[in-house]
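Chemist: Take this structure first; my questions come after.
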Amino acid sequence: MAHTAWIATDPIDLTDMLASVSGPTHGAVASFVGQVRDRDPEASGRVVALRYTCHPDAPALIEQIVARTVAEHDPAGEADVAAMHRIGDLDVGDLALVVTVGSAHRDLAFTLCRAVVEAVKHELPVWKQQFEADGSHAWSGLSC
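Note that my numbering has the sequence shown beginning at 50, numbered continuously upward.
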């Protein structure tokens with residue numbers, strides 16, 4: 050079927066993401082919604098906002114990561130996959146990473162959704178600066 054992946058600067062629309070992988074042949078739609086939280090192990094206090102930045106090649110890389118992961122876990126091409134990672138300034142509660150997968154059956158949808166999330170989280174060169182309530186900030190993800 051199809052897969053799409055991109056880096057976004059505008060808010061992620063979950064309804065659009067779900068619709069992009071829904072169809073008459075899909076009996077299952079699995080999703081992962083990663084949102085900004087107010088606590089993080091790398092922050093010393095309460096997080097109030099994030100700034101995501103990325104390598105200039107990130108838009109091409111997210112497409113490659115998703116394509117490779119889909120090929121590995123869905124060699125028959127039965128699923129539709131959409132993945133979006135947001136960059137820029139985000140507030141607590143904003144969506145940062147969304148992956149949606151539509152397939153005929155739930156096993157492939159769950160498996161592929163998790164595989165894409167893990168691959169993107171581990172391989173995409175995106176870094177976040179966490180702004181804390183006390184005015185301090187900390188960087189995360191610099192090893193990618």
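From the three backbone atoms N, C-alpha and C, an ideal C-beta is built for every residue, glycine too.
Computed from a prediction, not measured in an experiment: that's the story for all the values here.
Could you compute how far the alpha carbon of Ala182 sits from the alpha carbon of Arg95?
Modeler: Looking up residue 182 in the sequence shown gives position 133. Looking up residue 95 in the sequence shown gives position 46. Rounded to the nearest whole angstrom, the C-alpha separation of Ala182 and Arg95 is 6 Å.
Chemist: From which residue to which residue does the alpha helix (DSSP H) around Asp62 run?
Modeler: The sequence position of residue 62 within the sequence shown is 13, counting from 1. Unbroken run through Asp62: none, as it is neither H nor E.
Chemist: Quick test of your reading: Ala70 and Ala131, contact by CB under 8 Å. State the CB separation rounded to the nearest angstrom.
Modeler: What you label residue 70 is simply residue 21 of the sequence shown in a count that begins at 1. What you label residue 131 is simply residue 82 of the sequence shown in a count that begins at 1. Inspection of the sequence shows that residue 70 is occupied by Val rather than by Ala. Confirmed, Cβ separation roughly 5 Å.
Chemist: Assuming Val150 contacts Cys162 under a Cβ cut-off of 8 Å, what Cβ separation, rounded to an integer in Å, is found between them?
Modeler: Along the sequence shown, one-based indexing puts residue 150 at 101. Along the sequence shown, one-based indexing puts residue 162 at 113. So it is a contact: roughly 4 Å between Cβ atoms.
Chemist: Where does the unbroken beta strand (DSSP E) through Arg117 begin, and where does it stop?
Modeler: Mapped onto the sequence shown, residue 117 falls at position 68. Taken as a continuous stretch (DSSP letters only), Arg117 belongs to no beta strand (DSSP E), being part of the alpha helix (DSSP H) at 107-122.
Chemist: Who are the near neighbours of Asp129 in its chain, counting only those whose CB is closer than 6 Å to its CB and skipping five residues on each side?
Modeler: Here residue 129 refers to the residue found at position 80 of the sequence shown. Answer for Asp129: Met50, Ala51, Val70, Gly151, listed in chain order.
Chemist: So what's Glu181 in DSSP terms, helix, strand or just coil?
Modeler: Position 132 of the sequence shown, counted from the start, is the residue given in the question as residue 181. Glu181: strand per DSSP, three-state reduction.
Chemist: State the CB to CB distance for the pair Val141 and Leu63, rounded to an integer number of angstroms; the pair is presumed to be in contact (CB under 8 Å).
Modeler: As a first step, residue 141 must be located in the sequence shown, where it is residue number 92. As a first step, residue 63 must be located in the sequence shown, where it is residue number 14. Actually they are not in contact, since the Cβ atoms of Val141 and Leu63 sit about 17 Å apart, beyond 8 Å.
Chemist: Consult DSSP for Ser80 and reduce its assignment to one of helix, strand or coil.
Modeler: Against the sequence shown, residue 80 aligns to sequence position 31. In this structure, Ser80 counts as strand in the three-state DSSP scheme.
Chemist: What residue range is occupied by the uninterrupted alpha helix (DSSP H) comprising Arg135?
Modeler: Residue 135 sits at position 86 when you count from the first residue of the sequence shown. Here Arg135 belongs to no alpha helix (DSSP H); instead the beta strand (DSSP E) covers 129-135.
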